[in-house]
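Worksheet: one structure, shown below.
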DNA sequence: TTTTGTGTAAACTTAAGGTTAAGAACATGG
DNA sequence: CCATGTTCTTAACCTTAAGTTTACACAAAA
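Printed below as a string of structure tokens:
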């Protein structure tokens, strides 16, 4: 769902820095925009609504700290991640930077790799709740939202149906024995009839309108596209 | 609401570091706990549920990275802020650290002031996610003013109703288990009957005149437009 | 053909929520 | 401190649809 590329705005007065940093971030799949000074940074930020802004502290026409203050005072930029990038590695400015409301602070010279790692770490924290979703082809199963989407159409499954699909899809291609399914979903102490699984399978097939669950006669079921 | 002091766990094998860092953090009003090695860190984390964990990378009985991996694999520690603290300032370990799912990375020797600034910056970011107004479609929830607006019509909700709506709307689309709702809103020690949540949900649905709370039978509720 | 295993539809059972009203618990303003 | 109004919780009952079973049809293998 949230597959839109993250938008990053970098503001620095040194063209070299802009180029190196944007080159590396673009390679990581980010959408990168640049600004040469503080005013331009603010202007572009208002138009672009970036997810993350990297600000050089020492810039003409408003310093990074000033830019940060201005942006943070607007509700639109409360969410935006802001990183300061600067040659000053002295403690005083580090503290000032973080107190302004920046999320991170990196001293130059810095390797692109470290920058990228930090950027990713910040995005990771912002996102959370990912990785858990299962994506197989055009089927997307999200255990947190408890919903299933096929070709981006949400489909409502009942609890047991969802659990069953989730189990099968957790290892696409692998066959689950009927017994295995029973113990995984119903537990060892609950005993249900033979046709119960079939009925649930049927309902899933019906609702998904997609032939993704294959019967392996005498053995069990598997999820496959 | 969230006036409880933040709980911080520090793990390092050097007693000096533990003392300096905890002294400084305590002065800032944090509740500080310590661990001497990786295993102890995990053990104490499970009992204490700290808001933030500072891990030395080089520790006996599991390194900081190992501890981070173990904790992050548990849902309880998904939200916890983790900072690595280490003497290694080489690039490689910085990257590895951040990719493990840490939120920040600080090299020794580091001044207590900088550490505190970073800790505060991380907490600030975390808090921002509370207290801020939630806007989903034509629904606007402002926890500061304590009011809800649908299509710019203010609606008066009682406290519990508001808390419940705010919780659900904080992660639109995500399903909240009944248990989760109970602990988030009523706390762990208060015990309320089974139908209590339902009644509040009903009132919200009634007042909002909008079908935005979906029941997921056998699971919980979710906010969705 | 018989056996074995699965698909399907419909009927049944029941657990999970919805609804309502009533009375505690709490707050507010004289 | 009481009167009043509001919010919260509970209990009893109602409704719904999830989950299961039954019964039978069908297909493939033996």
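Chains as they are written, first to last, in my numbering: chain A, 20 to 244; chain B, 20 to 244. For every residue, glycine included, the Cβ atom is placed at its ideal position computed from N, Cα and C. Note that the structure is predicted; figures quoted are calculated from it, not measured.
Residue 50 of chain B sits in a strand when the DSSP states are folded into three classes.
Taking a cut-off of 8 Å on C-beta distances, the region 214-231 of chain B does not touch the region 156-163 of chain A, as fewer than three cross pairs fall below it. Look at residue 193 of chain A here: in three-state DSSP terms it is coil, with no helix or strand label. Taking C-beta separations shorter than 7 Å and ignoring five residues to either side along the sequence, the partners of residue 169 of chain A in its chain run 157, 158, 227, 229, following chain order.
CA-to-CA, the gap between residue 142 of chain B and residue 57 of chain B works out to about 24 Å. Interface criterion met: the Cβ of residue 121 of chain B is under 8 Å from a Cβ in chain A.
When the Cα atoms are used, residue 69 of chain B and residue 50 of chain A turn out to be separated by approximately 36 Å. Shown here for residue 233 of chain A: same chain residues with a beta carbon closer than 6 Å to its own, the five before and five after excluded, namely 241, 243 in chain order. Residue pairing of residue 73 of chain A in beta bridges, as defined by DSSP: A:29, A:102. Taking a beta-carbon distance threshold of 8 Å, residue 26 of chain A does not count as an interface residue toward chain B.
The beta carbons of residue 64 of chain B and residue 90 of chain B sit about 6 Å from each other, so the pair counts as a contact at 8 Å. Bounds of the alpha helix (DSSP H) holding residue 220 of chain B are 214-227. Using a Cβ distance threshold of 8 Å, residue 203 of chain B and residue 186 of chain B count as a contacting pair. Rounded to whole angstroms, the Cβ separation of residue 28 of chain B and residue 72 of chain B is 5 Å, and the two are in contact under 8 Å. Annotation: residue 80 of chain B is outside any alpha helix (DSSP H) and is labelled neither H nor E by DSSP. Setting aside the 5 residues that flank it on each side, residue 80 of chain B is surrounded in the same chain by 56, 57, 58, each with a C-beta closer than 7 Å to its C-beta; the list follows chain order. Using a Cβ distance threshold of 8 Å, residue 77 of chain A and residue 30 of chain A do not count as a contacting pair. Annotation for residue 151 of chain B: no beta strand (DSSP E) segment contains it, and DSSP assigns it neither H nor E.
Residue 242 of chain B has B:232 as its beta-bridge partners, per DSSP. Across the structure, residue 41 of chain A and residue 189 of chain A are spaced so that their CA atoms are roughly 37 Å apart. Listed by position along chain A, the residues whose Cβ is nearer than 7 Å to that of residue 144 of chain B are 122. Excluding the 5 residues flanking it on each side, residue 62 of chain A has no same chain C-beta neighbour closer than 6 Å.
Annotation for residue 61 of chain B: the continuous alpha helix (DSSP H) segment containing it runs 57-67. Between residue 199 of chain B and residue 239 of chain B, the C-beta gap is smaller than 8 Å, which places the two residues in contact.
For residue 167 of chain A, the enclosing beta strand (DSSP E) starts and ends at 166-169. Rounded to the nearest angstrom, the Cβ distance from residue 167 of chain A to residue 191 of chain A is 14 Å, too far for a contact under 8 Å.
In this structure residue 105 of chain B is not in contact with residue 130 of chain B, their Cβ atoms being roughly 15 Å apart against a cut-off of 8 Å. A check of alpha carbon separations from residue 137 of chain A across B:201, B:179, B:123 identifies B:123 as the nearest.
Under a criterion of Cβ atoms nearer than 7 Å, the residues of chain A adjacent to residue 237 of chain B are, in order, 178. A distance below 7 Å between beta-carbons, with the five flanking residues on each side excluded, links residue 231 of chain B to the following residues of its chain, in chain order: 158, 242, 243, 244. At the C-beta level, residue 209 of chain B and residue 165 of chain A stay beyond 8 Å of one another. Contact of residue 164 of chain B with chain A is not assigned, every C-beta pair being separated by 8 Å or more. Per DSSP, residue 130 of chain B lies in no beta strand (DSSP E) and is assigned neither H nor E. Burial is judged here by how many other beta carbons sit within 10 angstroms of a residue's own beta carbon; residue 180 of chain A has at least 16 and is buried.
In this structure, residue 184 of chain B sits near residue 223 of chain B, with a CB-CB distance shorter than 8 Å. For residue 35 of chain A, the secondary structure class from DSSP, reduced to helix, strand or coil, is helix.
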